[in-house]
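Input: a single structure, listed below in structure tokens.
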Amino acid sequence: MKKTILFVAFFFFIAKASAQQDPEYTQYMYNMNVVNPAYATGTESILNLGTLYRTQWVGAVGAPKTLTFFAHMPVNTKIELGLSLVSDDIGDGAKKENNFFADFAYVLQFKNKHKLSLGIKAGFSSLQTNFNGFRFESGDPTTDLAFAQNINTFKPNIGAGAYYFTDDYYVGLSAPNLLSSKHIEERDGINAFGSENIHAFLTAGYVFNLNDNFKLKPAFMSKFVEGAPVALDVTANVLFNNKFEFGIAYRLDDAFSGLVNMYVTPDIRIGYAYDHTLSNMGQFNSGTHEIFLLFDLDLMGKGFDKSPRFF
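Add 8 to the 1-based position in the sequence shown for the numbering used here, that's all there is to it.
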């Protein structure tokens, strides 16, 4: 299906003007593996699996769609290993990026169940563009040299993070992609564009025990990247009976969200979030949908009771 010139303007808006290339998440507290390689649970022999799908700005031309998958497990009380995959698609294949990383975290034990995890991730990113079928005002795609040639790149990358946590709260600082790059290099007089800058994330969350049935779970995530304003997400969830959770979230100058999730079984959790766009982009879309699935697999079959995964 042919893309129109409207998508070209939209592509530049999200990929260049904002200067933020990493996907954003509303339910970030359940997608921490992707953001921070130091994320740890400390629950031995339990393999944590999760996937999250986000379709952003539904109805807008070329709107982003993001799929993430992660798996991680403690090897012992000090070491956790993990894998993460992020697939981000803009314009139904016009710009598609895949990131695959392996994570290693070393957990330092302190008194009163306080722990500090230090993590690194290493892997690769691939980027493909497909501008075939674009229609330009002049009818000639060579009038815009930046779109005259498709690209297919493959580059290694590394990331690092720190994650301080207890049974009640966590604080994390991370940069999942430390190697900045340019998706399209300068050649034949064409100025390079599409550079990817380092993104830094600061995250935190707390669990307040209101009574035997209700827990209040505020959390936030802030994102820092050169050339763009600081992005800030603030969330407040309420957990009922350790099974059902609902809440609201606000992304600074961007969106207001509603969230809900529940334990289908003691080992399986599903969640959904809807974002209502508050920025000028709101006139071009009907909102954003995001779903996740978490699964805990007891590989050793110990069958011991474990604390619910609050974050």
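Built from N, CA and C at the ideal position, the CB exists for glycine as well.
C-alpha distance - residue i paired with residue j, whole-angstrom precision
i: tyrosine 114; j: leucine 305; result: 21 Å
i: histidine 297; j: tyrosine 36; result: 14 Å
i: aspartate 176; j: phenylalanine 112; result: 23 Å
i: aspartate 70; j: lysine 104; result: Here residue 70 turns out to be glycine, not aspartate, going by the sequence shown. About 11 Å.
i: isoleucine 256; j: glutamine 157; result: 43 Å
i: asparagine 293; j: histidine 284; result: 9 Å
i: phenylalanine 173; j: leucine 135; result: 35 Å
i: asparagine 140; j: asparagine 106; result: 20 Å
i: alanine 236; j: asparagine 205; result: 10 Å
i: leucine 181; j: threonine 51; result: 21 Å
i: alanine 281; j: threonine 34; result: 7 Å
i: isoleucine 159; j: phenylalanine 209; result: 29 Å
i: leucine 116; j: leucine 124; result: 5 Å
i: leucine 126; j: glycine 167; result: 11 Å
i: glycine 99; j: phenylalanine 248; result: 39 Å
i: asparagine 165; j: phenylalanine 108; result: 9 Å
i: methionine 289; j: histidine 122; result: 42 Å
i: isoleucine 13; j: asparagine 219; result: For isoleucine 13, the predicted model reports a pLDDT of 40, less than 50, meaning its position is unreliable and no value from the coordinates is stated.
i: arginine 259; j: threonine 211; result: 14 Å
i: phenylalanine 254; j: asparagine 120; result: 30 Å
Exposure of residue i, with buried meaning 16 or more beta-carbon neighbours within 10 Å
i: asparagine 84; result: exposed
i: histidine 80; result: buried
i: alanine 200; result: Residue placement at alanine 200 cannot be trusted, given a pLDDT of 48 that sits under 50; what the coordinates show is reported in the next sentence. It counts as exposed.
i: threonine 49; result: buried
i: proline 45; result: buried
i: alanine 227; result: buried
i: glycine 67; result: exposed
i: lysine 231; result: buried
i: threonine 74; result: buried
i: asparagine 56; result: buried
i: glutamate 234; result: exposed
i: serine 287; result: exposed
i: glycine 101; result: exposed
Contact with chain D by residue i, beta-carbon distance below 8 Å
i: alanine 102; result: Protein chain content of the structure displayed is limited to a single chain, and chain D is not contained in it.
Three-state class that DSSP yields for residue i in the structure shown
i: lysine 104; result: strand
i: asparagine 138; result: coil
i: glycine 99; result: coil
i: phenylalanine 118; result: coil
i: glycine 279; result: strand
i: asparagine 250; result: coil
i: glycine 167; result: strand
i: asparagine 288; result: helix
i: asparagine 185; result: coil
i: lysine 123; result: strand
i: valine 233; result: strand
i: glycine 180; result: strand
i: proline 226; result: strand
i: asparagine 269; result: strand
i: asparagine 219; result: coil
i: aspartate 261; result: coil
Heavy atom of the ligand FAD within 7 Å of residue i beta-carbon
i: serine 53; result: Absent from the structure shown: the ligand FAD. Ligands present: none.
Checklist entry - Is it true that the segment 265-273 meets the segment 47-63, where meeting means three or more beta-carbon pairs spaced less than 8 Å apart? => result no
Checklist entry - Can you give, in chain order, each stretch of the alpha helix (DSSP H) that sits fully within the segment 27-60 and has at least 4 residues? => result 40-43
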